[in-house]
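Engineer: Residue numbers (my numbering), protein chains in the order written: chain G, 418 to 593; chain X, 8 to 701; chain C, 135 to 697.
C-beta: ideal position from N, C-alpha, C; glycine also.
This one's a predicted model, so the numbers in the text were calculated from it and none came from an experiment.
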Amino acid sequence: MLINLRRALVASLLFLALLGFGYPLVEVGIGQAAFSATANGSLTPYGSTLIGQRWLGPRWFQGRPDSDNPMASGGSNLGPRSEQLVKSTKSQITALEKMGIAPTSDLVTSSGSGVDPDISPRSAFAQVDAVAKARGLAPATVRALVVSQIHLAQFGFLGSSYVNVLTLNISLSRLQ
Amino acid sequence: MTLSQEPRTEPQGSTGDNAGGARGVAQGRGLFDREILLQALNGSFKKLDPRIQVRNPVMFVVLIGTIITFIESISHPSIFSWSVTVWLFLTVMFANFAEAVAEGRGKAQADALRRLRSDTDARIVKDDGTEARIQASQLRQGDCVVCEAGDVIPSDGEIIEGVASVDESAITGESAPVIRESGGDRSAVTGGTKVLSDRIMVRITAEPGHTFLDRMIKLVEGASRQKTPNEIALTILLAALTIVFLPVVVVLEPFGHFAGTSVSVVVLIALLVCLIPTTIGALLSAIGIAGMDRLVQRNVLAMSGRAVEAAGDVQTLLLDKTGTITLGNRMASSFYPVPGHTEAEVADTAQLSSLADETPEGRSIVVLAKERFDLRGREVGDDHAFVPFTAQTRMSGLDIDGHRIRKGASDSVKRWVQEQGGSIPNELDEIVARVSRAGSTPLVVADGPEIIGVIELKDVVKQGIRERFDDMRAMGIRTVMITGDNPLTAAAIAQEAGVDDFLAEATPEAKMDLIKAEQQGGKLVAMTGDGTNDAPALAQADVGVAMNTGTNAAKEAGNMVDLDSNPTKLIDIVQIGKELLITRGALTTFSIANDVAKYFAIVPALFVASYPQLKVLNIMKLHSPQSAVLSAVIFNALVIIALIPLALKGVKFRPQGATSILRRNVLLYGVGGVIVPFVFIKLIDLILTATGAF
Amino acid sequence: MGFFWTVVALVVFLGLSWRFLGAYLVSIYEGRTKWLGFVERPIYKLIGVDPEVEQSWQRYAISVVAYSAVAILFTYLMLRLQGSLPLNPNHLGAVSPALSWNTAVSFVTNTNWQAYAGETTMSYLSQMAVLAVQNFTSASVGIAVAVALIRGFSRKNSTTIGNFWVDLVRGVIYLLLPIALVASVIFMAQGAVQTLGGAVHVHDVLNGFKQIIPRGPVASQEVIKQLGTNGGGFFNANGASPFENPTGLTNFLSIGLLLAIPVALTYTFGKMIGSLRQGVTILAVMAVLFFSWVGIGTVAEHQANPAVAKAGLVHQASGNMVGKEVRFGDTSSALYNVASTQTSTGSVDSASDSYTPMGGFALLTGMMLGEISPGGVGSGLYTMLLFAIITVFIGGLMVGRTPEYLGKKIQAKEVKLAALGILVMPITVLVLTGIAVAIHAGRVGVANGGPHGFSEILYAFTSAANNNGSAFAGLSVNTTFYNVTTGVAMLVGRFAIIIPVLALSGVLAAKGLVPESSGTLRTDKALFAGLLVGVILIVGGLTFFPAVSLGPVVEQLSNGRFF
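1. Under 9 Å Cβ-Cβ, which residues of chain C neighbour X/R187?
2. Would C/L211 be called buried (16 or more neighbouring beta carbons within 10 Å of its own) or exposed?
3. Determine the DSSP secondary structure at X/D408, reduced to helix, strand or coil.
4. What residues of chain G sit near C/H586, judged by a beta carbon separation below 8 Å?
5. Looking only at its chain, what residues have a beta carbon closer than 7 Å to the beta carbon of X/A644, apart from the 5 residues adjacent to it on each side?
6. Grouping DSSP H, G and I as helix and E and B as strand, with all else coil, what is X/P456?
7. Where do the ends of the beta strand (DSSP E) carrying X/R485 lie?
8. What residues from the stretch 567-585 of chain C come within 8 Å of chain X, judged by C-beta to C-beta, listed N to C?
9. Does G/P520 come out as helix, strand or coil in the three-state DSSP assignment?
10. Measuring alpha carbon to alpha carbon, tell me which residue in G/K507, G/M516, G/N421 and G/R552 is nearest G/A543.
11. Let me see if you follow: with CB-CB separation under 8 Å, is C/Y489 close to chain G or not?
12. For chain X, is any of its Cβ atoms less than 8 Å away from the one on C/A663?
13. Could you check the C-alpha separation between C/Y401 and C/A157 for me, to the nearest Å?
14. Beta-carbon within less than 7 Å of C/G286's beta-carbon, same chain only, minus the 5 sequence neighbours each way: which residues are those?
15. Using the beta-carbon count (16 or more within 10 Å), is C/R304 buried or exposed?
16. Would you mind telling me which residues of chain X sit closer than 9 Å to C/Q545, beta carbon to beta carbon, in chain order?
17. Since C/A496 contacts C/T567 with CB under 8 Å, what's their CB separation in whole angstroms?
18. Take X/T76 and list the residues in its own chain whose beta-carbon comes closer than 7 Å to its own, dropping the five residues that flank it on each side.
19. Taking the C-alpha atoms as reference points, what is the distance between C/R695 and C/G276?
20. In three-state DSSP terms, what is C/A623?
21. What is the residue span of the beta strand (DSSP E) that X/A553 lies within?
22. Examine chain C for any beta-carbon lying closer than 8 Å to the beta-carbon of X/G35, and answer yes or no.
23. Say the cut is 7 Å; is the CB of X/R480 nearer than that to a heavy atom of the ligand SAH?
24. Using only alpha-carbon positions, find the residue among X/R193, X/V280 and X/L577 that is nearest to X/L326.
25. X/G319 touches chain C at which residues, Cβ-Cβ below 8 Å?
26. Please specify which runs of the beta strand (DSSP E), each continuous and at least 3 residues long, are wholly inside the stretch 528-606 of chain X, giving them in chain order.
27. Terminal residues of the continuous alpha helix (DSSP H) containing X/T323?
28. Straight-line CA distance for G/P497 to G/A541?
29. Does the stretch 477-491 of chain G come close enough to the stretch 580-590 of chain G that 3 or more CB-CB pairs lie under 8 Å?
30. Using the beta-carbon count (16 or more within 10 Å), is X/S11 buried or exposed?
31. Find out if the Cβ-Cβ distance for the pair C/Y539, C/T619 is shorter than 8 Å.
32. Which of helix, strand or coil does DSSP assign to C/G555?
33. Identify each residue in the stretch 511-535 of chain C for which the Cβ-Cβ distance to at least one residue of chain A is less than 9 Å, and report them in chain order.
34. Could you tell me the distance, in whole angstroms, from the CA atom of X/S598 to the CA atom of C/L665?
35. For C/I407 versus C/L155, is the C-beta spacing smaller than 8 Å?
36. Closer than 8 Å is the cut-off here; do at least three beta carbon pairs connect the stretch 338-350 of chain X with the stretch 452-471 of chain X?
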């Protein structure tokens with residue numbers, strides 16, 4: 418037993434060096450050298466395209482109703498028969514309708530990460546009229562912008578099509 | 008190869024399922040003899056002793072549960088809780104009853120055997136040669152006793168002097184007396200059998216209380232019954248299932264509380280009893296006892312349950328050719344003349360040589376000659392001297408009118424002819440070889456110095472034996488024929504009988520080596536034997552079946568004794584071993600499969616108060632929560648009674664490949680086990696509802 | 135349609151992994167792979183083992199326990215000392231004792247149950263040098279035990295079952311590390327972060343919105359957490375976080391990685407015992423269960439969320455999107471979570487707690503089957519083989535032979551060990567859940583009312599005892615009660631199975647081989663596979679039917695009722 422404890426201790430230290438430092442630091446090196454944009458968080462001057470933000474007011478495309486606090490990521494964890502979920506969804510639907518947006522399922526539900534940066538193309542289209550009205554733009558222009566921002570499922574079948582709200586809003590801001 | 012074997016005294020049983028038509032003490036009783044049932048009823052109460060119950064973990068839990076519901080029923084009486092209590096108690100009783108019935112059959116047989124052990128007097132011969140009468144029970148190993156016509160042999164022993172015909176029907180059920188004589192493989196006598204003629208001196212080989220009869224009584228009574236390895240493994244599995252269902256049920260109390268329901272203790276215990284594998288738990292020991300009993304019914308005594316189980320696992324069967332594969336006696340089938348003689352001459356000479364030969368082979372020669380050439384059997388007068396077979400000459404024959412007619416093994420007759428200055432025809436060897444190759448035994452016939460021809464004695468392969476071996480092959484059992492014949496003859500017979508392999512010119516050592524080689528490869532080997540020189544091999548084999556006619560050494564070495572001394576029975580023994588295992592497996596599967604329906608009966612009933620939506624799970628549409636629980640409990644108890652006949656008779660084994668057996672049994676006991684309780688629980692619920700109490 | 139092709143691509147990926155990774159595993163554990171000998175040999179020298187000397191099952195088991203004990207202690211200490219250690223750009227303090235114990239046990243038992251939020255609890259050092267290291271080694275331990283059991287079957291009359299230290303080291307350096315090195319690069323290219331720079335503060339001038347975005351060496355940990363079926367994420371949101379799992383491709387690769395080794399091990403098993411058909415049979419059983427549960431899960435999540443429907447949005451074309459990411463969609467998310475719960479990984483790319491009742495049922499019951507379809511790395515195979523032994527025992531009886539599996543007679547000892555290994559999990563889950571629902575400390579953490587609250591507690595202990603690590607995360611588990619009890623569940627669920635498995639390996643290795651005949655129950659046929667599926671379902675069903683009835687089943691049946 419004692420000899421095995423000694424072996425375990427030595428093995429732990431070796432693994433610490435090899436797997437705890439060697440492996441991640443090699444990856445940091447590769448990441449910083451070859452993929453510095455993504456490895457550092459896909460940052461733009463306006464934030465990370467991978468981390469959703471709260472967009473205030475009808476002039477912007479709305480993302481999902483998340484907390485958008487990446488320091489406390491995660492979903493609402495409300496169950497499928499939660500009275501509270503019914504309530505919060507109701508108020509979200511009301512809020513959207515007030516903004517003249519027809520609710521879609523991703524616009525009324527919070528995500529799993531709490532920082533979902535994307536919405537479905539359907540949700541983006543649903544907001545076209547409201548955004549166009551708020552900004553005094555022709556709906557067709559805004560619609561064209563949305564179409565140009567649609568990411569199709571990768572290789573045509575992995576995951577779903579989506580629109581990144583930050584890049585959409587950045588390009589929206591450049592329309593004027 | 009001997010010319011003419013001594014006649015065997017044992018009956019030639021059929022190879023069929025009901026081998027051993029004659030039954031002795033092991034006389035079959037009906038499955039539910041009235042007397043046995045009454046005794047079993049009595050026994051069921053005796054088995055309530057917790058010290059007995061604790062040996063069966065599954066039923067012990069039921070007993071504890073019954074006590075708890077009993078206390079609960081006293082403190083909070085209701086029709087429901089009393090009904091549950093009564094049915095739980097009945098569950099325990101049914102299990103006891105099943106075991107008692109199985110034991111009862113053995114007990115009845117043991118009683119019959121005990122009557123034989125009436126304490127007779129023995130005539131002990133002291134060292135100085137004088138005789139004295141002492142009680143048979145005082146005989147020690149090594150004592151010598153004298154038995155004369157009419158005496159019951161007082162204990163097991165070996166004949167050291169004399170020949171006698173002995174009536175062994177008390178033990179074997181075979182009414183024809185057998186010859187027992189000193190020396191050789193037929194010197195053993197069994198205590199309790201009766202000398203019919205002559206006088207023998209017997210040296211006692213068993214200590215009092217350890218005679219064959221004593222052992223037999225213990226065995227059929229199940230007194231020395233120990234759990235077999237497989238039974239232990241199954242008991243562990245059942246205990247594990249019982250242990251896991253304890254928390255499953257106990258936690259329903261806090262679970263129910265969390266959901267806002269309080270669950271009654273009576274219902275929880277009812278659920279527990281329904282879930283734990285009571286069906287197999289109740290019947291497990293009955294199955295084991297019944298397996299031994301089924302062997303006894305076929306006049307086979309297994310010295311341990313382990314041996315019966317091993318029989319089911321056997322992968323190689325060593326079968327003696329004579330008596331098992333072929334009829335014990337060879338039959339004359341053809342006459343072959345050497346050049347210069349005709350077939351009719353051969354027949355005539357052969358018949359003459361056999362007139363005084365009372366062996367079956369001899370008689371068959373006479374009969375064949377008569378059939379072929381209408382030669383009548385002639386009376387043998389005083390002037391004709393019969394020359395009997397001896398081990399030295401290896402010939403027999405007749406001296407008549409100056410002719411010295413002999414028949415015998417080719418070597419012996421050739422030597423005898425040459426000694427008289429006769430010549431050997433060149434063609435003789437070729438004829439002899441041809442006959443041997445065909446699997447037959449050639450007997451050369453000579454008249455003085457002149458060789459006449461050859462008689463072909465054919466081994467007659469038993470009818471149906473080939474199909475039997477095909478079955479064995481389908482079951483994955485390799486059959487090996489053991490014979491003293493030369494390889495040529497052996498190969499031909501092996502071919503005809505359809506065995507997988509053969510061991511020719513077998514010596515006890517060769518037999519032993521074969522067993523060891525098979526076991527080395529991980530196989531289990533079964534064999535039969537009767538001689539003293541078979542004893543080491545019998546002991547080495549995983550299943551060694553000693554013939555009752557055999558020596559005491561053989562009987563000691565084997566782990567089974569066939570009272571009918573019918574080597575074909577080995578095949579039946581394997582089947583019984585398999586049936587024993589299959590019955591356990593089938594009832595275990597059935598028992599576990601039953602739980603599905605019981606859940607659907609009880610779980611909705613448990614929680615429907617706080618979650619009415621769970622009534623969707625009440626797919627049987629049982630009347631009320633109480634009737635649902637009680638129906639499941641009643642079904643659980645009654646199914647034990649319903650399955651007692653199956654447990655005792657055993658699930659029938661069909662010689663098929665494993666896959667088709669499995670498919671059949673999974674469908675029958677697995678899928679059937681899921682469906683059946685749905686039907687019957689619903690039925691019981693309808694009856695309960697009709698009473699209006701629930 | 136996209137989902138169909140996702141499944142097709144997954145099957146192709148796993149088929150290749152089965153054939154090639156499986157063969158590679160054979161050569162690793164038979165000692166034929168040597169290309170990293172220059173790394174391997176010095177390690178043995180330093181540890182002080184002779185790689186040529188094998189161990190009895192007892193010594194093997196002692197080594198497993200010794201290594202795991204030291205690893206738990208080491209992890210515990212590092213987490214307690216976190217505040218004083220380097221690589222802590224966000225200046226996080228020491229982890230509390232109960233949480234340190236729970237986390238140490240969790241990572242060493244390959245559970246990766248996370249009672250903490252990574253971004254606000256763990257320093258970079260703790261993440262990469264403490265926790266991620268255990269992701270490698272706990273996975274390697276699991277595979278080692280499985281390989282030891284395979285050796286038990288394949289050997290005869292042997293007193294040894296291999297050398298734990300050699301198996302441990304070889305699993306790490308030949309198998310896990312090379313794959314992780316390569317896969318991390320793909321993840322980084324797709325958007326997973328990998329940096330030692332601390333959190334960034336963002337002020338979006340367009341919108342006036344401020345954020346603090348935590349970062350770290352994420353990609354390297356993400357890959358090994360999937361490959362080793364560990365599941366412990368860098369961030370609280372686990373695989374839902376865009377920094378861990380940024381795209382549809384990484385989502386697909388995550389699923390592929392967590393299934394790769396468990397699936398490949400069935401090939402390894404078949405090859406090492408000398409009958410690939412046996413391995414295929416086991417794989418088929420795993421596949422039947424896996425795809426059945428994927429079916430339940432994806433169909434369920436493609437339905438509308440009842441609460442959202444009740445709120446007014448009846449028509450939910452994209453399925454239940456509560457707690458799901460748009461870039462993955464409903465079915466791929468369900469596939470990820472089902473795959474993760476069926477492999478004892480426990481990572482999630484969507485919030486399991488917000489799944490529809492039947493979706494939650496699929497996740498919960500997937501674990502309740504014992505993590506065998508295909509289960510965790512190594513643990514899935516060895517637990518499956520325990521089920522196979524019980525099946526062979528019952529099936530073998532039904533054909534009238536003392537049962538044998540792969541030429542080994544299954545007798546009292548084998549049945550005892552197999553039954554112990556199988557039944558310890560349900561007993562642990564039920565007893566601890568029973569305690570938790572009965573006492574205040576257990577009930578207080580529940581986030582959802584009604585039956586869903588019960589499901590959360592049941593799920594927690596099911597996940598812990600099965601070394602899965604996923605959660606119905608509404609339950610607040612960073613309490614002394616849950617930290618201690620789930621810790622116990624994880625330890626029992628790991629070692630009360632590993633030790634019987636190693637004992638079984640020893641018992642089997644010591645036995646001779648029984649030659650097969652037509653009277654032998656064939657264990658490489660569809661009939662046996664069917665029977666095995668039946669036994670797994672019956673054992674799982676019988677032990678958990680009442681509990682599940684009170685959770686997801688009631689929820690499913692509670693039409694129109696909300697709590």
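Structural biologist: So, to answer that:
1. Taking the first residue of the second sequence as position 1, residue 187 of chain X is located at position 180. Those do not exist, as X/R187 stays about 38 Å from chain C at its closest Cβ, beyond 9 Å.
2. As a first step, residue 211 of chain C must be located in the third sequence, where it is residue number 77. C/L211 comes out exposed.
3. Working through the second sequence from its first residue, we reach residue 408 of chain X at position 401. X/D408 falls in the coil class under three-state DSSP.
4. Indexing the third sequence from 1 puts residue 586 of chain C at position 452. By Cβ distance, chain G contributes G496, P497, R498 and S499.
5. Here residue 644 of chain X refers to the residue found at position 637 when the second sequence is read from its first residue. Same-chain partners within the cutoff: W94, L97, T98 and F101.
6. By one-based count along the second sequence, residue 456 of chain X stands at place 449. Residue state, collapsed to three classes: coil.
7. In the second sequence, residue 485 of chain X corresponds to position 478, counting from 1. Per DSSP, X/R485 belongs to the beta strand (DSSP E) from R485 to I489.
8. Contact residues of the stretch 567-585 of chain C toward chain X are T567, G568, I569, V571, A572, R577 and P585 (C-beta to C-beta distance below 8 Å).
9. For the purposes of this step, residue 520 of chain G is taken as residue 103 along the first sequence, with counting starting at 1. Secondary structure at G/P520: coil, using DSSP grouped into helix, strand and coil.
10. Position 126 of the first sequence, counting from 1, holds the residue named residue 543 of chain G. Distances from the CA of G/A543 to each of G/K507, G/M516, G/N421 and G/R552 were compared; the closest alpha carbon is that of G/M516.
11. Counting from one through the third sequence, the residue named residue 489 of chain C turns up at place 355. Yes, because at least one Cβ of chain G sits closer than 8 Å to the Cβ of C/Y489.
12. Counting from one through the third sequence, the residue named residue 663 of chain C turns up at place 529. Interface with chain X (8 Å Cβ-Cβ cutoff): C/A663 is excluded.
13. The residue labelled residue 401 of chain C in the question sits at position 267 within the third sequence. The residue labelled residue 157 of chain C in the question sits at position 23 within the third sequence. When rounded, the distance between both Cα atoms is 7 Å.
14. Residue 286 of chain C sits at position 152 when you count from the first residue of the third sequence. Closer than 7 Å at Cβ, skipping near neighbours: I295, L638, S639, G640, L642 and A643.
15. By one-based count along the third sequence, residue 304 of chain C stands at place 170. Counting C-beta atoms within 10 angstroms of its own C-beta, C/R304 has 16 or more neighbours from the protein chains shown and is therefore classed as buried.
16. Along the third sequence, one-based indexing puts residue 545 of chain C at 411. Result: P236, N237, I239 and A240.
17. Within the third sequence, numbered from 1, the residue matching residue 496 of chain C stands at position 362. Within the third sequence, numbered from 1, the residue matching residue 567 of chain C stands at position 433. Contact between C/A496 and C/T567 does not hold, since the beta-carbon distance rounds to 19 Å and is not under 8 Å.
18. Start at 1 with the first residue of the second sequence, and residue 76 of chain X comes out as number 69. So the list reads S88, V91, T92, L95, V273 and I276, once near-sequence residues are dropped.
19. Residue numbering aside, residue 695 of chain C sits at position 561 when the third sequence is read from its first letter. Residue numbering aside, residue 276 of chain C sits at position 142 when the third sequence is read from its first letter. One alpha carbon belongs to C/R695, the other to C/G276, and they sit about 44 Å apart.
20. As a first step, residue 623 of chain C is located in the third sequence; it is residue number 489 there, counting from the start. Residue state, collapsed to three classes: helix.
21. Stepping through the second sequence from its first residue, residue 553 of chain X is reached at position 546. In the DSSP assignment, X/A553 falls within the unbroken beta strand (DSSP E) covering V550 to M554.
22. Along the second sequence, read from residue 1 onward, the residue named residue 35 of chain X stands at position 28. Bear in mind that a pLDDT of 47 at X/G35, under 50, signals an unreliable position, so the model cannot answer this.
23. In the structure on display, the ligand SAH does not appear, and there are no ligands present to speak of.
24. Taking the first residue of the second sequence as 1, we reach residue 326 of chain X at position 319. Checked all of X/R193, X/V280 and X/L577; the closest Cα to X/L326 is X/L577.
25. Taking the second sequence and counting its residues from 1, one reaches residue 319 of chain X at position 312. For X/G319, the chain C residues whose Cβ falls inside 8 Å of its Cβ are G534, R535 and T536, in order along the chain.
26. Qualifying beta strand (DSSP E) stretches, in chain order: 532-536, 550-554 and 567-569.
27. Counted from its first residue, the second sequence places residue 323 of chain X at position 316. Counting along the chain, X/T323 sits inside no alpha helix (DSSP H); it lies in the beta strand (DSSP E) bounded by residues T323 to D327.
28. Taking the first residue of the first sequence as position 1, residue 497 of chain G is located at position 80. Taking the first residue of the first sequence as position 1, residue 541 of chain G is located at position 124. The straight-line gap from Cα to Cα measures roughly 26 Å.
29. These segments touch.
30. Here residue 11 of chain X corresponds to residue number 4 of the second sequence, with the count starting at 1. In this predicted model, X/S11 has a pLDDT of only 36, less than 50, meaning its place in the structure is not dependable enough to derive any value.
31. One-based indexing of the third sequence puts residue 539 of chain C at position 405. One-based indexing of the third sequence puts residue 619 of chain C at position 485. No, these two residues do not count as a Cβ contact at 8 Å.
32. Counted from its first residue, the third sequence places residue 555 of chain C at position 421. In this structure, C/G555 counts as helix in the three-state DSSP scheme.
33. In the structure shown, chain A cannot be found, because the protein chains are G, X and C.
34. As a first step, residue 598 of chain X must be located in the second sequence, where it is residue number 591. As a first step, residue 665 of chain C must be located in the third sequence, where it is residue number 531. Distance from the CA of X/S598 to the CA of C/L665, rounded to the nearest whole angstrom, comes to 16 Å.
35. Translated into positions along the third sequence, residue 407 of chain C becomes position 273. Translated into positions along the third sequence, residue 155 of chain C becomes position 21. Contact: no.
36. Enough Cβ pairs lie closer than 8 Å, so yes.
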